[in-house]
Amino acid sequence: MKKLPVLNPGDAIEIIAPSSRSTDSQLLELKELLESWELKCIVQHDIFAQDFLCANTDEMRFKHLKNALHNPETKAVICVRGGYGSTRLIPRLAELEPPESVKLFIGISDITCLHLYLQQHWGWPTIHGAAAPDKFSKDSIAAVKSILLGETPAKFTGLIPLNKAAQKEKTIKSPVTGGNLAIIQSGIGTCWQMDGRDKIILLEEVGERGYRVDRMLEHLKQADIFTNAAAILLGDFLNGDEPNGSSLIEPVLQRFAERSAIPVLRIAGIGHGTINFPIPLGTEAHLQLGEHSQLTCFR
235 MKKLPVLNPG DAIEIIAPSS RSTDSQLLEL KELLESWELK CIVQHDIFAQ DFLCANTDEM
295 RFKHLKNALH NPETKAVICV RGGYGSTRLI PRLAELEPPE SVKLFIGISD ITCLHLYLQQ
355 HWGWPTIHGA AAPDKFSKDS IAAVKSILLG ETPAKFTGLI PLNKAAQKEK TIKSPVTGGN
415 LAIIQSGIGT CWQMDGRDKI ILLEEVGERG YRVDRMLEHL KQADIFTNAA AILLGDFLNG
475 DEPNGSSLIE PVLQRFAERS AIPVLRIAGI GHGTINFPIP LGTEAHLQLG EHSQLTCFR
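Each number in the working numbering comes from the position in the sequence shown (counting from 1) with 234 added on.
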């Protein structure tokens, strides 16, 4: 299992936009933040252009992705935001050979498909996280800095067991994979379909009502995505209220957990909220179950 590299002051990190675009000011804020960490920040002058769905045309977004991944001077690649469009780049990405050295790759939401592809086809560990100063808390951004520039593990405490399997006192040693629920569902039947076997599966979502979350979970279950998985972590499920202002998210997740044979736990602060801590994917991880449930992800 490959490890996440560590960045040093002066190392180069490239900002790309494989999905939707940010505003110019949001891009500048991210660039200035990374430079304040003493990193050399690369941004292509044509990162954004006119496109009716995405940050740029498929051809230009793939060009930027390819060049960033294969640039020998670049040690890390960070996606300016999620949104939509990364899945359209996978067929072209599948034609590439991986570079000799593993790079840090950081993104959330729509970027889930790129995480899964890089993990499953290139054997790369990646980071589910983001550092947009206008969207995320100072503590969340400080955690991103720590995981990029430090060698300490990422530790998450206060996990909540949702079923009997998660209440048993034991430790599961498996890598974490996953990300956004809707993107994972859209990968079924593709070359990047999530392989959850012997993995701790992380799921998060935003803007989806209870019945839609239930439908996606049921689809993954019937497609055997959860078969032989080690455990499931349910991150933040936000902004899914019903028209009358109520929410069915919690009962949907609780029923799903109770009907699952493997441990299912809630983990706060991973998803689309203001508090959004980074988590390594595809690295060695230890999930402690029981009364004091916690997760430790190593580099």
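Glycine included, every Cβ here is placed at the ideal spot set by N, Cα and C.
Remember, it's a predicted structure, so these values are computed and weren't measured experimentally.
Identity of the residue in the options nearest residue i by Cα
i    : options                : result
F471 : F296, M450, A465       : M450
S481 : G441, E525, V378, A519 : G441
K236 : A519, H526, L529       : A519
I394 : G469, N414, L352, D448 : G469
H526 : E403, R489, P306       : E403
E248 : L327, R500, T360, A302 : A302
P325 : Q353, E293, A364       : E293
L273 : V311, A364, H453, K297 : V311
L499 : I435, T461, A457       : I435
Reduced DSSP secondary structure (H/G/I, E/B, other) of residue i
i    : result
E307 : coil
D373 : helix
P395 : strand
A465 : strand
H520 : strand
D292 : helix
F490 : helix
V447 : helix
L383 : helix
Q456 : helix
D470 : strand
T405 : strand
A388 : strand
In DSSP terms, what residue i is bridged to
i    : result
R362 : The identity of residue 362 in the sequence shown is His, whereas the question assumes Arg. Answer by DSSP bridge pairing, in chain order: G341, I513.
E438 : N414
R533 : DSSP output for R533 lists no bridge partner at all.
A246 : K274, T308
V498 : I466
Q353 : Its beta-bridge partners do not exist; DSSP assigns none.
Nearest-angstrom Cα separation, counted from residue j out to residue i
i    : j    : result
R295 : E329 : 15 angstroms
T291 : Q284 : 8 angstroms
K268 : K398 : The question names Lys, but residue 268 in the sequence shown is Leu. Rounded to the nearest angstrom, the two C-alpha atoms are 43 angstroms apart.
G516 : I418 : 16 angstroms
P252 : L299 : 7 angstroms
G244 : T424 : 38 angstroms
W356 : G479 : 44 angstroms
G363 : Y351 : 16 angstroms
F370 : Q260 : 12 angstroms
S335 : W426 : 21 angstroms
H349 : T411 : 8 angstroms
Contact between the region 336-344 and the region 313-324 (3+ Cβ pairs under 8 angstroms):
Short answer: they touch.
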